[in-house]
Amino acid sequence: EKGGWSSFMAKEVSEEPDAVANTIRGRVHDGQVVIPELDGLDEIFTGIRRIIVIACGTAAYAGQTGAYAIEQWTRVPVSVELAHEFRYRDPVLGDDTLVVSISQSGETMDTLMAVKYAHERGAKTLSICNTQGATIPRESDAVIYTHAGPEVAVASTKAFVAQITALYLLALHVARVRGSLPAAEAADHVRELEAVPGKISRVLETEQAHIEQFSRWMADTQSVLFLGRHVGYPIALEGALKLKEISYIHAEGFAAGELKHGPIALIEPGQPVFVIVPSPRESAELHKKVVSNIQEIRARGARVIVVAEEGDAAVLPFADEVLHIPLAGPFFEPLLAVVPLHIFAMGLATAKGLDVDQPRNLAKSVTVE
Ligand code: F6R
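Using the UniProt record's numbering, count along the sequence shown one by one with no gaps and you end on 616.
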């Protein structure tokens, strides 16, 4: 049921704070992450030497976002792969490899086949899934459920933030078991994670009307670019995917550092570019680089829409639109920065008169390879 909402997608975006909060619930004890479903697996977590995250589409972008924190906190090398590419390159796998799959539906055939393949080759498999009892968790050695609630709109939104949350919980659980992170530092991350739902609510309250308004003037736009760096990079990819998917506009996400290696040639007067700006407090060096990217594209006439931390004055002179997100610790910004992009995709599709819940050519669960 849509409740009073205009679409399931609108309802599900409004549920992003709950999706995060419900995924955390019952998994934090005295400032430490203990995931009950992973009880008895300590030996696996201490024995692994490598983590490979596999998923498709939005779930893969959640994986790419979570990978930074997993590697940082556990000190286990992490790579992220599209599930449908994974099997076809004869990957080196063994019992020191943990393959983490991510799937909202738990039925995506590409991801399921990759999990089976990893299992047959002796890797340990853990799935992150939003659907109780689905096939992928049944085929895995362990599962962490995201508690986003049923997602009906074809475009994934609340499941995405829940998936990143589950990856952070997994990272903190494994880090505790491996002793790779001082307890005080882990507790800081837990506090940051627990503060995310309230901050997402703030973004929804303060930015929704503003984004809907400028997405209306952009209804005739032919192409939109998204730039980000570090954890902002997969968020740029997610912003572009959502826009293609529901508003049928050409959109591409780039790593901001890649701009000068080619994509800057696309910039012409009036080209809309979203830029996810890293926090000036948490990553001063990256912030400076991204601000200089903004100056480069602005000088070539781009219409720059920045997603920036509240109080970041450095971006103001170069931005046509500023979407603010509250201050958050390292790794937690993506959970906030993605929210305006979800609202924007929905706003633009609505402005074009499209059905945001049922985009053409797509199905909610892709059960063929
Ligand atoms: C994008 C989207 C898809 C899914 C992908 C994986 O909005 O919904 O890209 O994320 O098909 O689906 P699951 O997570 O069910 O495996």
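Heads up, the beta-carbon is just placed ideally off N, CA and C, and yes, glycines get one too.
Beta-carbon proximity check, F407 vs E328, cutoff 8 Å: When the beta-carbon positions are compared, F407 and E328 stay at least 8 Å from each other.
Residue environment, L609, which counts as buried when at least 16 other CB atoms sit within 10 Å: Exposed, by the Cβ-count rule.
Collapsed DSSP secondary structure at Q469 in the structure displayed: Coil.
Validate contact between the region 435 to 446 and the region 265 to 273 using beta carbons, cut 8 Å, 3 pairs: Flag = yes, the region 435 to 446 and the region 265 to 273 touch.
Rounded separation between V424 and W320 - CA only: Our two residues, V424 and W320, have alpha carbons roughly 11 Å apart in a direct line.
Nearest to Y364 (by Cα), restricted to the options C376, V390, G380 and A330: Comparing Cα-Cα distances from Y364 to each of C376, V390, G380 and A330, the minimum goes to A330.
Under 8 Å between C-beta atoms of I295 and I391: Going by C-beta atoms, I295 is not nearer than 8 Å to I391.
Residue from F591, P581 and E354 with nearest C-alpha to T378: Scanning F591, P581 and E354 for the CA closest to the CA of T378 turns up E354.
Proximity to A389 [Cα-Cα], best of A549, K405 and H366: Minimum Cα-Cα distance from A389 among the listed residues A549, K405 and H366 corresponds to H366.
Three-state class that DSSP yields for F333 in the structure shown: It is helical.
Span of the beta strand (DSSP E) around A445: Note on identity: in this sequence residue 445 is Gly, with Ala being the wrong assignment. Not the beta strand (DSSP E): G445 falls in the alpha helix (DSSP H), residues A430 to W464.
Neighbourhood of Q410 by C-beta distance below 7 Å, restricted to the same chain and skipping five residues each side: If we look at Q410 and ignore the five residues flanking it on each side, its Cβ neighbours are A306, A309, I349, I375 and T393.
Alpha carbon of A561 to alpha carbon of F255, nearest angstrom: In this structure, the straight-line span from the alpha carbon of A561 to that of F255 is close to 37 Å.
Separation of A433 from G287, as counted between CA atoms: The alpha-carbon atoms of G287 and A433 are separated by roughly 21 Å.
Minimum C-alpha distance to residue 619 - residue among L373, D289 and T614: Lying before the first or after the last residue shown, residue 619 is absent from the chain, which here runs from 248 to 616.
Start and end residues, beta strand (DSSP E) containing F501: For F501, the uninterrupted beta strand (DSSP E) run begins and ends at H497 to A502, by DSSP.
Helix, strand or coil at P384 according to DSSP, with G and I counted as helix: Here P384 sits in helix by DSSP.
Extent of the continuous alpha helix (DSSP H) run through K371: Secondary structure note for K371: it is in no alpha helix (DSSP H), and the uninterrupted beta strand (DSSP E) holding it is K371 to C376.
Local conformation of A302 per DSSP, three classes: Three-state result, A302: strand.
Inter-residue spacing [alpha-carbon to alpha-carbon] between T317 and H276: Residue identity check: residue 317 is Ile in the sequence provided, not Thr. Cα-Cα distance, rounded: 20 Å.
Selected residue, minimal CA-CA separation from A566, among A575, V585 and S539: Closest option to A566, Cα to Cα, is S539.
Near the ligand GTP: S374 beta-carbon under 7 Å from a heavy atom: Because the ligand GTP does not appear in the structure shown, any question about it cannot be addressed here, the ligands present being the ligand F6R.
heavy atom of the ligand F6R below 7 Å from G310 C-beta: Result no, Cβ not under 7 Å from the ligand F6R.
Limits of the alpha helix (DSSP H) - the one that S261 falls within: From DSSP, the alpha helix (DSSP H) with S261 extends over F255 to S261.
Cβ neighbour criterion (16 or more within 10 Å) applied to E557: By the neighbour-count rule (16 or more Cβ atoms within 10 Å), E557 is not buried but exposed.
Near the ligand F6R: S313 beta-carbon under 7 Å from a heavy atom: Strictly speaking, residue 313 in this sequence is Gly, with Ser absent from that position. Every heavy atom of the ligand F6R is 7 Å or more from the Cβ of G313, so no.
Inter-residue spacing [alpha-carbon to alpha-carbon] between G500 and L601: Put simply, the backbone Cα of G500 is about 22 Å away from that of L601.
Test item: CB-CB of I523 and A584 under 8 Å: Yes, the Cβ-Cβ distance between I523 and A584 is below 8 Å.
7 Å Cβ shell around A422 - same chain, five flanking residues per side excluded: Sequence-distant partners of A422 (beyond 5 residues in either direction) whose C-beta falls short of 7 Å from its own C-beta, in its chain, are W320, T321, L428 and A433.
Buried/exposed call for S253, threshold 16 Cβ in 10 Å: When all chains shown are included, S253 counts as exposed.
Among R336, F521 and Q455, the one whose alpha carbon lies nearest that of G479: Closest option to G479, judged by alpha-carbon separation, among R336, F521 and Q455: F521.
The alpha helix (DSSP H) enclosing P481, as first and last residue numbers: Counting along the chain, the alpha helix (DSSP H) containing P481 begins and ends at G479 to S494.
C-alpha distance - S403 paired with G475, whole-angstrom precision: Just so you know, the alpha carbons of S403 and G475 end up roughly 20 Å apart.
Reference G313; option with closest CA among L513, A498, L440 and I493: Distance from the Cα of G313 is smallest, within the candidate group L513, A498, L440 and I493, for L440.
V346, enclosing beta strand (DSSP E) - first and last residue: Run containing V346: T344 to S350, per the beta strand (DSSP E) assignment.
Of the listed residues G548, V586 and S526, nearest to P264 (C-alpha basis): Per the Cα distances, V586.
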